[in-house]
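J.:
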Amino acid sequence: MKTDIQIAQEAKLQPIEEVAAKLGISNDVLEPYGKTKAKIDFTKLDMDNKDLGKLILVTAITPTPAGEGKTTTSIGLADGMSKIGKKTAVALREPSLGPVFGIKGGAAGGGYAQVVPMEDINLHFTGDFHAIGAATNLIAALLDNHIHHGNELDIDTNRIVWRRVVDMNDRQLRNIVNGLGRRVDGVTREDGYDIVVASEVMAAFCLSNTLQELKEKLGNMIVAYTRKDNKPITVKDINGAGAATALLKDAIKPNIVQTLEGTPAFIHGGPFANIAHGCNSIIATKLAMNYADYTITEAGFGADLGAEKFLDIKCRQAGIAPSAVVIVATIRALKMHGGVDKKELGPENVEALRKGMPNLMRHINNIKNVFGLNPVVAINAFPTDTEAEIEALREECEKEGVKVVLSTHFSDGGEGAVELAKAVVEAADKESNFKFAYDVEASIEEKVETLVTKIYGGAKVEFAPSAKKKIKQFTEQGHGNLPICMAKTQYSFSDDPKALGAPEGFTVTIRDLTVSAGAGFIVCLTGDIMKMPGLPKEPAANRIDVDEKGNIEGLF
């Protein structure tokens with residue numbers, strides 16, 4: 201089979217005006233970036249938030265190195281829906297340059313289920329991440345400038361919580377000392393960089409319904425605390441909200457591109473799925489729902505993290521809810537949850553598959569019984585899958601009354617996802633009873649305990665002394681009623697990445713908390729969660745090149 205980039209480069213792309221016209225979006229609101237991508241000035245559109253199309257959330261089992269394929273499934277499903285005559289759009293996150301040049305390579309789907317132009321989407325695209333990085337760093341510059349010119353707000357330089365960002369995996373920048381040199385060169389202090397997708401600006405960008413709301417969220421972001429009374433200092437206090445918003449006024453307009461088969465695709469924003477909610481922007485999702493009968497979207501990591509945050513954070517702020525949920529699984533990943541080593545996943549092993557099934561079953565139970573939504577299981581097909589393994593998976597799921605569909609979108613495009621599309625339409629037509637996992641007005645401790653016991657299957661939560669101190673502080677500051685964003689390993693229901701399958705009776709330890717007062721959630725930290733990844737020994741960047749005609753090679 202050809203590589204992803206070969207398939208993408210051989211595709212005949214439709215003019216972006218024709219793609220937008222499929223949804224009834226006229227040229228006068230398009231701001232083209234070349235012939236095959238554009239921004240949409242949503243302020244000129246009549247966005248009716250009451251008469252929306254159906255939203256389909258694509259999530260997955262707990263991820264393993266064997267791979268699950270949420271993005272390819274989302275894209276393949278959208279093309280499959282188009283194949284059966286449904287007016288469909290897909291809404292996805294923008295790739296970060298960090299993973300593109302790090303381990304993953306390209307992040308715009310794969311095989312015959314891709315969004316294109318693949319190279320543009322994976323690299324600079326329309327400049328959104330550059331704008332978000334610039335806004336974040338502007339706030340940092342204003343903060344340090346205030347301190348340099350007398351520190352009228354009495355900011356404690358040891359309690360600055362705002363960090364600069366760069367959209368690259370660069371471990372060398374995690375912890376630095378800046379302001380070295382002469383007195384005119386600034387105040388010497390410890391600092392560090394995060395990757396752009398980990399910035400609170402990115403999270404707020406994706407959770408805003410309007411530009412004005414984004415400006416308000418930016419102003420509420422906490423950048424530091426005072427020396428005398430530990431009072432939070434916000435972006436508004438250093439007069440940075442207006443200028444930061446000015447840098448984002450064009451970026452906030454959603455981007456429209458297309459799948460390989462010409463289905464409209466909105467790709468906009470991309471917050472970290474650990475320390476943020478891991479979903480594309482509310483504006484892009486609502487825009488798609490206004491113009492498509494079915495909008496396919498995805499959430500980061502497994503359903504315990506991605507789907508939970510999508511439902512409890514994004515849906516709460518956007519006032520939307522899915523009509524159905526697709527849980528992506530692979531035979532290979534389920535066998536790994538059943539105890540098989542990554543190197544031995546090829547041979548048939550029905551016993552291991554059945555041992556790994558509790559992981560999928562817990563995700564199904566959460567979607568059905570905790571959130572009250574209708575799930576469909578999509579088996580992302582691999583050549584090594586056997587009929588016996590597929591039948592065993594189907595048998596287990598049907599005991600729970602859940603439809604299982606084998607999807608071959610990676611090799612067959614939309615045609616390979618037609619049966620999945622039909623199952624999704626059927627599930628979306630059923631009545632659902634969507635509810636959040638917790639009452640947002642409950643205490644911080646109660647919300648965390650609910651997630652650990654109801655979603656993860658754990659027994660209890662332990663809060664470290666520093667976490668207890670932060671809970672008291674944030675509650676007194678009026679942030680106790682914010683949703684919870686759990687920052688834990690994506691590789692297990694527990695906070696131990698080695699505990700595969702569906703562990704029970706475990707304790708989750710909350711070591712610390714941070715508040716994203718602008719974005720609107722509290723982050724609970726477990727384990728060692730990094731906001732600035734590093735490159736592997738052999739990064740994907742080493743395989744990427746450009747020929748004499750300017751054609752990019754090696755981007756997966």
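Residue numbering for the sequence shown follows this note's numbering, starting at 201 and increasing by one per position.
From the three backbone atoms N, C-alpha and C, an ideal C-beta is built for every residue, glycine too.
Remember, predicted model here, so these are calculated numbers, not experimental data.
1. Are three or more beta carbon pairs between the region 463 to 481 and the region 280 to 293 nearer than 8 angstroms?
2. To the nearest angstrom, how far is it from the Cα of Thr709 to the Cα of Thr259?
3. Between Thr726, Ala398 and Ile513, which lies nearest to Pro733 when the distance is taken from Cα to Cα?
4. Can you confirm whether the region 325 to 334 touches the region 388 to 404 when touching is taken to mean that 3 or more C-beta pairs between the two stretches lie within less than 8 angstroms?
5. Excluding the 5 residues preceding and the 5 following Lys244 in the sequence, name in chain order all residues of the same chain whose CB lies nearer than 8 angstroms to its CB.
6. Run through the DSSP bridge pairs and tell me what Asp745 is partnered with.
7. Am I right that Ala582 and Arg532 are in contact with their C-beta atoms under 8 angstroms? What's the rounded C-beta distance?
8. Express the C-alpha separation of Arg363 and Gln372 in angstroms, rounding to a whole number.
9. Can you tell me where the beta strand (DSSP E) with Arg382 in it begins and where it stops?
10. Using 10 angstroms around the beta-carbon of Gly601, count the other beta-carbons present and answer buried if the total reaches 16, otherwise exposed.
11. For Asp204, which residues does DSSP report across the bridge?
12. Going by the C-beta, is Leu545 closer than 7 angstroms to any heavy atom of the ligand ATP?
13. For the beta strand (DSSP E) that contains Ala524, what are its first and last residues?
14. In the DSSP assignment, the alpha helix (DSSP H) including Glu390 goes from what residue to what residue?
15. Is DSSP giving Cys515 helix, strand or coil here?
16. For the putative contact between Leu505 and Met686, defined by C-beta atoms under 8 angstroms, what is the C-beta separation to the nearest angstrom?
17. Could you name the residues that DSSP lists as bridge partners for Met536?
18. Restricting to Cα atoms, I'd like to know which of Asp248, Pro263 and Thr272 is closest to Gly613.
19. In its own chain, which residues sit with a C-beta less than 6 angstroms from the C-beta of Thr264, not counting the 5 before and 5 after it?
20. Locate the beta strand (DSSP E) running through Phe721, then write down its first and last residues.
21. Please tell me whether Val316 and Leu545 are closer than 8 angstroms, where the distance is taken between their beta carbons.
22. Is the beta carbon of Glu662 closer than 8 angstroms to that of Thr707?
23. Kindly indicate which three-state DSSP category Thr586 falls into: helix, strand or coil?
24. Grouping DSSP H, G and I as helix and E and B as strand, with all else coil, what is Ala238?
25. Rounded to whole angstroms, how far is the Cβ of Ile355 from the Cβ of Ile433, which I believe are closer than 8 angstroms?
26. Between which two residues does the alpha helix (DSSP H) carrying Ala221 extend?
27. Strictly by DSSP, which residues pair up with Gly309?
28. Could you give the distance in angstroms between the alpha-carbon of Ala623 and the alpha-carbon of Thr426?
29. Considering only DSSP beta bridges, list what Thr707 is partnered with.
30. Please look up how many angstroms separate the CB atoms of Ile196 and Val604, rounded, as I've assumed it's under 8 angstroms.
31. Quick one: Cα of His324 to Cα of Glu548, how far?
32. Would Val457 and Thr236 be called neighbours here (beta carbons separated by less than 8 angstroms)?
33. Comparing alpha-carbon positions, which option in Ala507, Leu682 and Asn559 lies nearest Gly539?
34. So what's Glu498 in DSSP terms, helix, strand or just coil?
35. Does Asn337 pass the burial test, meaning 16 or more other C-beta atoms within 10 Å, or should it be called exposed?
36. Could you round the C-beta distance between Val528 and Ala507 to whole angstroms and report it? I think they count as a contact, below 8 angstroms.
T.: Considering the structure as presented:
1. yes
2. As a working mapping, residue 709 is identified with position 509 in the sequence shown. As a working mapping, residue 259 is identified with position 59 in the sequence shown. About 25 angstroms.
3. Along the sequence shown, one-based indexing puts residue 733 at 533. Check the Cα spacing between Pro733 and each of Thr726, Ala398 and Ile513: the tightest is with Ala398.
4. yes
5. The residue you call residue 244 lines up with position 44 of the sequence shown. Within the same chain, Lys244 has close Cβ partners Asp228 and Val229.
6. The count along the sequence shown starts at 1 and reaches residue 745 at position 545. Its beta-bridge partners are Glu753.
7. As a position in the sequence shown, residue 582 is number 382, starting the count at 1. As a position in the sequence shown, residue 532 is number 332, starting the count at 1. According to the sequence provided, residue 582 is Phe. The question's Ala does not apply to it. Rounded, the Cβ-Cβ distance is 6 angstroms, consistent with contact.
8. Residue numbering aside, residue 372 sits at position 172 when the sequence shown is read from its first letter. Residue numbering aside, residue 363 sits at position 163 when the sequence shown is read from its first letter. Going by the C-alpha atoms only, they are around 14 angstroms apart.
9. Taking the first residue of the sequence shown as position 1, residue 382 is located at position 182. Run containing Arg382: none; DSSP gives neither H nor E here.
10. Counted from its first residue, the sequence shown places residue 601 at position 401. Residue environment for Gly601: exposed (fewer than 16 other C-beta atoms within 10 angstroms of its C-beta).
11. Counting from one through the sequence shown, the residue named residue 204 turns up at place 4. Per DSSP, none; premise fails for Asp204.
12. Absent from the structure shown: the ligand ATP. Ligands present: none.
13. Position 324 of the sequence shown, counted from the start, is the residue given in the question as residue 524. First-last of the beta strand (DSSP E) with Ala524: Ala524 to Ala529.
14. Reading the sequence shown from its first residue, position 190 is the one you call residue 390. Where Glu390 is concerned, there is no enclosing alpha helix (DSSP H), although the beta strand (DSSP E) it sits in stretches over Arg389 to Asp391.
15. As a working note, residue 515 is residue 315 in the sequence shown. Helix, per DSSP.
16. The sequence position of residue 505 within the sequence shown is 305, counting from 1. The sequence position of residue 686 within the sequence shown is 486, counting from 1. Contact holds; Cβ gap of about 7 angstroms.
17. Locating residue 536 in the sequence shown gives position 336, counting from the first residue. None, per the DSSP bridge assignment.
18. Along the sequence shown, read from residue 1 onward, the residue named residue 613 stands at position 413. Out of Asp248, Pro263 and Thr272, Thr272 has the C-alpha closest to the C-alpha of Gly613.
19. On the sequence shown, residue 264 is found 64 positions in, with the first residue counted as 1. Once the five neighbours on either side are set aside, the close Cβ partners of Thr264 are Ala533 and Met536.
20. For the purposes of this step, residue 721 is taken as residue 521 along the sequence shown, with counting starting at 1. From DSSP, the beta strand (DSSP E) with Phe721 extends over Phe721 to Leu725.
21. Residue numbering aside, residue 316 sits at position 116 when the sequence shown is read from its first letter. Residue numbering aside, residue 545 sits at position 345 when the sequence shown is read from its first letter. Not closer than 8 angstroms, so no.
22. As a working mapping, residue 707 is identified with position 507 in the sequence shown. As a working mapping, residue 662 is identified with position 462 in the sequence shown. Contact flag set, yes.
23. Within the sequence shown, residue 586 is the residue found at index 386, counting from 1. Coil.
24. Within the sequence shown, residue 238 is the residue found at index 38, counting from 1. It is a strand residue.
25. Translated into the one-based positions of the sequence shown, residue 355 becomes position 155. Translated into the one-based positions of the sequence shown, residue 433 becomes position 233. Confirmed, about 6 angstroms.
26. As a first step, residue 221 must be located in the sequence shown, where it is residue number 21. Its alpha helix (DSSP H) spans residues Ile216 to Ala221.
27. For the purposes of this step, residue 309 is identified with residue 109 of the sequence shown, where counting begins at 1. In the DSSP output, where bridge partners are listed per residue, Gly309 has Gln314.
28. For the purposes of this step, residue 623 is taken as the residue at position 423 of the sequence shown. For the purposes of this step, residue 426 is taken as the residue at position 226 of the sequence shown. Taking the straight line joining both Cα atoms gives about 56 angstroms.
29. To locate residue 707, count along the sequence shown from 1; it is residue 507. BP columns for Thr707 point to Lys660.
30. As shown, the chain starts at 201 and ends at 756. That puts residue 196 outside it, with no answer to give.
31. Taking the sequence shown and counting its residues from 1, one reaches residue 324 at position 124. Taking the sequence shown and counting its residues from 1, one reaches residue 548 at position 348. Approximately 42 angstroms between the Cα atoms of the pair.
32. Along the sequence shown, one-based indexing puts residue 457 at 257. Along the sequence shown, one-based indexing puts residue 236 at 36. Result yes, Cβ atoms of Val457 and Thr236 sit closer than 8 angstroms.
33. Sequence index remark: in the sequence shown, residue 539 carries index 339 (1-based). Here the closest residue by C-alpha is Asn559.
34. Position 298 of the sequence shown holds residue 498. Strand, per DSSP.
35. As a working mapping, residue 337 is identified with position 137 in the sequence shown. Flag for Asn337 reads buried.
36. Reading the sequence shown from its first residue, position 328 is the one you call residue 528. Reading the sequence shown from its first residue, position 307 is the one you call residue 507. So it is not a contact: roughly 11 angstroms between Cβ atoms.
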